[in-house]
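**Student:** Here it is, the structure in full.
In our numbering, the protein residues as written are 12 to 195.
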């Protein structure tokens, strides 16, 4: 199948490529060449404008625009002794459109994958920050309990026998709280 982008160029205006993409009924070579170049330029210009509109989900619309451009250029080319774009060239452009759609879909999939990866990274960072915050709060709570235990020990040493029992009970409660805090 003839590719509209063969040899790195969309413009197929020279020699055999030109004859493979368009034709006309002029006998004189220079008139034939001019007429063929004219219809090719018109058709390729319409195709360029159409492909520039490529968006997700408008493949059918663009395909119809390409077919309409083919019909219009061939209709107007009748003025130049039947200068017309060949159906093979139309099919090559339709194939080009199909591949452009595939490429665009792959790009969209890649963007979506990247978005999901970034979202997952943000979620992991958020979870890490939350974990660090909880850890810091737990360490702070443990430190508060340790300080209270130290104070209770100092108070026990200074206290009388009756107060000592009260402080030892408080010290036991604080020890239990510290054990629970360290386990969580």
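All residues carry an ideal CB built from backbone N, CA and C; glycine is no exception.
Using DSSP with H/G/I as helix, E/B as strand and the rest coil, what is residue 94?
**Tutor:** It is coil, neither helix nor strand.
**Student:** Determine the direct distance from the alpha carbon of residue 119 to that of residue 50, and round the result to whole angstroms.
**Tutor:** Answer to the nearest angstrom: the Cα atoms are 35 angstroms apart.
**Student:** For residue 73, which option in 126, 99, 188 and 105 has the closest C-alpha, if you only look at C-alpha atoms?
**Tutor:** Among 126, 99, 188 and 105, the Cα nearest to that of residue 73 is on 105.
**Student:** By DSSP's criteria, residue 34 is part of a beta bridge. Which residues make up the other side?
**Tutor:** In the DSSP output, where bridge partners are listed per residue, residue 34 has 95.
**Student:** At the level of alpha carbons, what is the spacing between residue 68 and residue 113?
**Tutor:** Spanning the two alpha carbons is a distance of roughly 11 angstroms.
**Student:** Just to confirm the assignment: which complete beta strand (DSSP E) runs, minimum length 3, are found wholly within the region 86-155?
**Tutor:** Runs found: none.
**Student:** I want to know whether the region 55-69 touches the region 124-138 - three or more CB-CB distances under 8 angstroms.
**Tutor:** Because the criterion of three Cβ pairs below 8 angstroms is not met, the region 55-69 and the region 124-138 do not touch.
**Student:** According to DSSP, is residue 195 part of a helix, a strand, or is it coil?
**Tutor:** The answer is coil: DSSP assigns residue 195 none of H, G, I, E or B.
**Student:** Once you ignore the five residues that flank residue 111 on each side, which residues in its own chain have a CB closer than 6 angstroms to its CB?
**Tutor:** Closer than 6 angstroms at Cβ, skipping near neighbours: 65.
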